[in-house]
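Note that the first sequence ends on residue 492 in the numbering used here; no numbers are left out. Here the structure is laid out as structure tokens; the discussion comes afterwards.
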Amino acid sequence: MSKELTTREGNYSEWYNELVAKADLAEHSAVKGCMVIKPYGYAIWEKMQAALDKMFKDTGHVNAYFPLFIPKSFFSKEASHVQGFAKECAVVTHYRLKNAEDGSGIVVDETAKLDEELIIRPTSETIIWNTYRGWIQSYRDLPLLINQWANVVRWEMRTRLFLRTTEFLWQEGHTAHATAAEAVIETEKMLDVYADFAEQWMAIPVIKGIKTANERFAGAIETYCIEAMMQDGKALQAGTSHFLGQNFAKAFDVKFANKEGKQDFVWATSWGVSTRLMGALVMSHSDDKGLVLPPKLAPFQVVIVPIYKGEEQLAQISEVVLKMKKAMEAKGISVKYDDRDTQRPGWKFAEYELKGVPVRIAIGARDLENGTVEVARRDTLEKETLQQADIETKIAHLLEQIQDNLYQKARTMREAKTYKADTYEEFKRILEETPGFVMAHWDGTPESEQKIKEETKATIRCIPLNNKQEAGICIYSGKPSTQRVVFAKAY
RNA sequence: CGGGGCGUAGCGUAGUCCGGUAUCGCGCCUGGUUUGGGACCAGGAGGUCGUCAGUUCAAAUCUGGCCGCCCCGACCA
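As structure tokens, this is what we get:
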């Protein structure tokens with residue numbers, strides 16, 4: 002394994018791929034388009050899950066689990082939904098294998114053909130709404146606020162670790178409501194949860210907005226999203242929350258008796274974030290030395306490396322370290338003490354930098370004499386010598402600073418790469434020369450949006466919520482427009 | 001599905017044009033010296049060269065088929 006990482010400047014895409022592999026987050030599996038998430042990467046995902054799961058529960062949701070398989074007929078019930086997903090579905094057609102008669106190995110047993118094929122879920126609206134029919138009779142059964150943690154499969158033509166894999170992990174919330182207004186409030190509430198998570202936990206600033214009709218989820222009335230900017234100026238959709246109207250209730254005949262005793266179709270939402278967030282995390286903060294993790298999501302926040310000669314000295318150092326470790330842990334800081342004798346300090350320094358551990362503490366004989374430690378922060382690569390006394394308070398403070406600094410840095414970067422364009426020429430020049438978000442007027446038609454996409458590869462990422470209204474003309478058609486929207490090339 | 005590249009030890013590779021029994025680095029194992037930014041010395045283990053067939057005295061190398069993966073596009077979270 003080479004020690005030097007490809008630089009972001011040199012080849013951003015290659016830098017990302019190498020980083021994911023070298024930081025031990027994930028690797029390609031034997032199955033095309035599918036990844037193995039390695040323990041270190043999975044530990045980050047578990048942190049994300051824990052934080053999100055708590056946020057969901059704090060907003061009144063409960064977890065449940067629905068099947069991996071969906072009968073094919075369910076898909077045809079909601080017309081636009083099937084249209085959106087049909088091209089990327091994995092299908093189970095048989096349920097048994099047998100030994101080939103010519104002894105050449107195992108083959109599909111053609112006599113074990115399913116009467117109805119099963120689709121491996123690309124998303125669970127259909128199986129869930131089919132189930133909800135049996136759960137909802139009255140307004141008293143509503144709202145139904147359910148989330149599931151699951152894996153889904155979308156047979157994408159081109160995949161990239163975390164950003165787009167054939168199978169991925171996610172959570173999908175599916176809620177049912179008595180009124181449209183209540184469902185819209187839910188949709189917006191969960192968008193806020195996602196935005197808070199992105200900003201406060203992942204240290205990634207996001208723009209909340211709604212998707213245009215072209216970009217809307219298949220089967221939704223309105224799709225809300227959070228959009229983040231990666232260091233190369235490309236946009237990444239980090240989470241979506243959909244107002245589904247009564248589309249799925251009608252498709253699956255889910256009715257309830259309202260207070261007036263009248264039958265009405267149930268109103269729905271669905272919302273999800275996936276392991277794609279891991280990709281967002283990597284691409285937002287990391288540098289040419291490796292991963293940079295926000296303290297709130299790092300598998301461990303502090304690593305302590307002893308520098309010693311001989312076992313006796315190690316024992317002396319360990320005594321001090323274990324006390325510090327205990328004090329830090331009492332403050333809720335996660336600490337790894339790496340006293341392995343099999344690797345040298347320099348090796349460990351490089352390794353933990355590559356893995357993005359927020360704070361490294363080194364302690365040697367010199368420090369024992371002086372009552373000090375060397376503290377290095379990953380985000381700025383700065384080192385300072387601190388007194389051991391009350392180290393837990395200093396480190397706790399430092400971790401907060403790092404968390405905040407990462408967010409501010411990402412925000413500054415985004416602002417520096419956000420532009421206004423008033424003509425199509427200017428728009429194209431910006432995308433070509435200095436990729437980023439381009440705020441531009443658009444006439445509101447799918448036709449103009451489509452043409453711009455074909456000619457520049459840029460799409461409308463979203464129409465920001467509470468967008469400033471201003472008169473202007475569409476950069477493409479010259480027709481009047483009332484607001485600027487966010488254009489960018491996207492992952 | 002179009003374009004490009006690749007498949008040789010755990011990883012990364014040389015060798016392929018011009019056929020002669022596989023190179024180098026990292027990693028791994030043993031012993032020793034080391035340890036404040038990816039240590040050094042000595043010794044050692046590890047390979048049906050993606051796969052199947054063909055040509056040949058002889059194939060990693062030539063010919064044909066097949067399989068797989070990666071990258072760039074179209075599609076998408």
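Glycine residues also receive a C-beta, built at the ideal position from the N, C-alpha and C atoms. Since we're looking at a predicted model, the values are computed, not measured.
Linking Phe218 to Met191 through their CA atoms gives a straight-line distance of about 16 angstroms. Just measuring C-alpha positions, the residue of Trp443, Phe86, Gln238 sitting nearest Glu157 is Phe86.
Inclusion of Ile147 and His29 in the CB contact set at 9 angstroms is not warranted, their separation being larger than that value. The distance from the Cβ of Val321 to that of Gln404 is about 27 angstroms, inconsistent with a contact at the 8 angstroms cut-off. Annotated as proximal: Thr419 and Phe438, with beta-carbon spacing under 9 angstroms. Between Trp130 and Ala258, the gap from beta carbon to beta carbon reaches 9 angstroms or more. With a beta-carbon spacing of about 19 angstroms, Asp288 and Pro436 fall beyond the 8 angstroms limit used to define contacts. Ala377 is not a Cβ neighbour of Ile364, given a cutoff of 9 angstroms. According to DSSP, residue pairing for Asp54 in a beta bridge does not occur. Rounded to the nearest whole angstrom, the C-alpha separation of Gly11 and Gln402 is 30 angstroms. Per DSSP, Gln470 is not a residue of any alpha helix (DSSP H); the beta strand (DSSP E) it occupies stretches across 470-474. Buried is the label assigned to Arg155, since at least 16 other Cβ atoms lie within 10 Å of its Cβ. In the three-state reduction of the DSSP assignment, His95 falls in the strand class. Note on Trp46: 16 or more other CB atoms within 10 angstroms of its CB, so buried under the neighbour-count rule. If only uninterrupted beta strand (DSSP E) runs of at least 3 residues are considered, those enclosed by the stretch 287-341 are 303-308, 336-338. Per the DSSP secondary-structure output, Thr241 pairs in a beta bridge with Cys226, Gly273.
Spatial neighbours of Pro123 in its own chain (CB-CB distance under 7 angstroms, excluding positions within 5 residues in sequence) are listed in chain order as Phe86, Glu89, Cys90, Val153, Val154, Arg155.
The stretch 179-190 makes no contact with the stretch 36-43, as fewer than three CB pairs between them are under 8 angstroms. Secondary structure at His175: strand, using DSSP grouped into helix, strand and coil.
If you ignore the 5 residues before and after Ser449, its C-beta comes within less than 7 angstroms of the C-beta of Trp443, Cys475, Tyr477, Ser478, all in its own chain and listed in chain order. Here DSSP, grouped into helix, strand and coil, assigns Asp116 to strand.
Residue pairing by DSSP places Ile137 opposite no residue, since no beta bridge is assigned to it. Restricted to the stretch 347-407, the beta strand (DSSP E) segments that are unbroken, complete and at least 3 residues in length are 360-365, 373-378, 384-388, listed in chain order. Within the same chain, Cβ atoms closer than 7 angstroms to the Cβ of Ala52 are found at Phe198, Trp202, the five residues on either side in sequence being excluded. With distances taken between CA atoms, Leu387 lies nearest to Thr373 out of Leu400, Thr373, Arg379. Going by C-alpha positions, Tyr492 is about 11 angstroms away from Thr160.
Between the C-alpha atoms of Trp150 and Glu383 there is a straight-line separation of about 39 angstroms. Around the Cβ of Trp136, a 10 Å sphere holds fewer than 16 other Cβ atoms; the residue is exposed. The Cβ atoms of Val358 and Leu294 sit closer than 9 angstroms to each other. Bridge pairing for Asp265: Phe257 [DSSP]. Runs of the alpha helix (DSSP H) spanning 4 or more residues and lying entirely within the stretch 436-486 occur at 447-457, in chain order. Gly106 carries a coil assignment under DSSP once its states are collapsed to helix, strand and coil.
From the listed residues Thr132, Ala24, Ala269, Pro447, the smallest Cα separation to Ala182 is found for Ala269. With fewer than 16 other CB atoms across the displayed protein chains lying within 10 angstroms of its CB, His95 is exposed.
Annotated as distal: Lys332 and Glu385, with beta-carbon spacing of 9 angstroms or more. Met203 carries a coil assignment under DSSP once its states are collapsed to helix, strand and coil.
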